[in-house]
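In the working numbering, the protein residues as written are 406 to 791.
Don't be surprised by glycine CBs; every beta carbon is placed ideally from N, CA and C.
Predicted model only: the values in this text are computed from it and were never measured.
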């Protein structure tokens, strides 16, 4: 098996992640619900994980990190917890449905929404952000990197625009947390929504939200918090304000181990490795007859982009190509719309979808070369059918 679907979930995890989850299931109690050892150990681990996340994102401390099940929950929490009818929000065609659908729902409730277009390479033009600002504009909500093309947005540029116009900046870091540098203070980011099971190399069912101190978000879910039990409302202080019920402590234990692994290994080493594999694959497929690669692969972009390549082979259905890759070659990629409908409109791939290859630093050059060879062979088959 050659696994090249890391943009969906990282399959190859550090061994310590598995061991941490197993150990937590054997020994971990419920944090904040007791003063005995198993509960206190869980509370310390949760606090340490918040600290690691805050350090990774250059946030305002562990108290500003709340855990969720994934980016989708984090984005729903942020979008429904901040925006109100009459607010105007700017987003882009690059977005995943975990951004778009909560925004559409808020639009149905009276929020105003502007979606900035993407060009044929899947890029937005930053001057259009400022041009879209109105008197009632409250925020820009956007992804760091497209999950379809791997195109990276310039967070510093977007953050500077938001600062100039007094806007909030909400970031979907699903494809970049754990691989790319994100500095909330330097880049002017107010909210980072992240998931644990992709670049952060943690278990599925983990994720969270990191919030600038002073920004209040209404809870999406209310309930038990282990503290101030006689209040009729959710406690005001973070992170309990945004965490109701028992956390996924077993999963967070795995995320904690993954964050320690990333810290030891280094973002730069992980990123350079993944980008090197991405460039190797791109150079191998870009000139194959009948292959169309989507996204911005200019010299500047090629040096700084997420390790994601989306392509099609002639008029072959992307699902058929992915099935053939899996069954015949043992190569696992993803086909279809990738929950990014507006990007497919921009790229002209609504009917065909696209086959996406996404690399991990655990992949090898040999695996990449085998994937290139498989695409070349499938291209030759497609040519014979024309």
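Item checked: Spatially closest choice to residue 650 from 665, 489, 634, by CA coordinates -> 634
Note to self: Check whether the segment 475-491 and the segment 503-514 are in contact - that is, three or more C-beta pairs closer than 8 Å.
What the structure shows: yes
Margin query: residue 716 and residue 733 - do their beta-carbons sit closer together than 9 Å?
Written below: no
Notebook entry, point to check: Can you tell me the Cα-Cα spacing of residue 557 and residue 707, whole angstroms?
Noted result: 10 Å
Next item on the list: Use the C-beta contact count for residue 786: other C-beta atoms within 10 angstroms, 16 or more gives buried, fewer gives exposed.
Entry: exposed
Next item on the list: Measure the CB-CB distance between residue 679 and residue 592 and report whether it falls below 9 Å.
Entry: no
Checklist line | Cutoff 8 Å; reference residue 433; Cβ partners in own chain excluding five residues on either side | finding: 443, 446, 447, 450, 654, 655, 658
Note to self: Do residue 645 and residue 668 count as a contact pair if the criterion is CB distance below 9 Å?
What the structure shows: no
Notebook entry, point to check: Can you list the alpha helix (DSSP H) stretches of 4 or more residues lying completely in the segment 548-575, in chain order?
Noted result: 560-570
Checklist line | CB of residue 465 within 9 Å of CB of residue 568, strictly | finding: no
Margin query: Quick test of your reading: residue 498 and residue 537, contact by CB under 8 Å. State the CB separation rounded to the nearest angstrom.
Written below: So it is not a contact: roughly 13 Å between Cβ atoms.
Next item on the list: Pick helix, strand or coil for residue 627, following the three-state DSSP scheme.
Entry: coil
Notebook entry, point to check: Does the segment 722-738 come within contact of the segment 775-782, defined as at least 3 CB pairs closer than 8 Å?
Noted result: yes
Notebook entry, point to check: Relative to the C-alpha of residue 495, which residue among 647, 473, 534 is closest?
Noted result: 534
Checklist line | Where the beta strand (DSSP E) containing residue 451 begins and where it ends | finding: Taken as a continuous stretch (DSSP letters only), residue 451 belongs to no beta strand (DSSP E), being part of the alpha helix (DSSP H) at 442-462.
Note to self: Please identify the residue among 475, 662, 710, 704 whose C-alpha is closest to the C-alpha of residue 677.
What the structure shows: 710
Check: Is the Cβ-Cβ distance between residue 422 and residue 608 less than 9 Å?
Finding: yes
Next item on the list: Assign residue 638 to buried or exposed, taking buried as 16 or more other Cβ atoms, counted over all protein chains shown, within 10 Å of its Cβ.
Entry: exposed
Notebook entry, point to check: Where does residue 791 land, buried or exposed, given buried means 16+ other C-beta within 10 angstroms?
Noted result: Here the model assigns residue 791 a pLDDT of 44, short of 50, so the residue's position is not dependable, and the following value carries that caveat. Exposed, because fewer than 16 other Cβ atoms sit within 10 Å of the Cβ of residue 791.
Notebook entry, point to check: Taking DSSP as the reference, what is the three-state secondary structure of residue 682?
Noted result: helix
Notebook entry, point to check: Taking DSSP as the reference, what is the three-state secondary structure of residue 688?
Noted result: helix
Notebook entry, point to check: In chain order, what residues of the same chain have a beta carbon less than 6 Å from the beta carbon of residue 416, not counting five sequence neighbours either side?
Noted result: 408
Check: Taking Cβ positions, are residue 762 and residue 702 nearer each other than 9 Å?
Finding: no
Margin query: Tell me the DSSP secondary structure of residue 722 in three-state form.
Written below: coil
Margin query: Between residue 740 and the ligand FAD, is there a pair consisting of the residue's CB and a ligand heavy atom that are separated by less than 8 Å?
Written below: The ligand FAD is not among the ligands present in this structure, which contains no ligands whatsoever.
Item checked: residue 560 beta carbon less than 9 Å from that of residue 605 -> no
Check: Which same chain residues, not among the five before or five after residue 454, have their C-beta less than 7 Å away from its C-beta?
Finding: 657, 660, 661, 664
Margin query: Taking the beta carbon of residue 728 as the centre, do at least 16 other beta carbons fall within 10 Å, making it buried, or is it exposed?
Written below: exposed
Note to self: Between the alpha carbons of residue 521 and residue 435, how many angstroms are there, rounded?
What the structure shows: 44 Å
Notebook entry, point to check: Are the beta-carbon atoms belonging to residue 759 and residue 553 less than 9 Å from one another?
Noted result: yes
Notebook entry, point to check: When you compare only the Cα positions, how much space is there between residue 414 and residue 549?
Noted result: 17 Å
Next item on the list: Please name the residue, chosen from 684, 547, 694, that lies closest to residue 562 on a Cα-to-Cα basis.
Entry: 547
Notebook entry, point to check: Taking just the CA atoms, how far does residue 741 sit from residue 460?
Noted result: 36 Å
Check: Quick one: complete alpha helix (DSSP H) runs, 4+ long, within the segment 494-519?
Finding: 502-513
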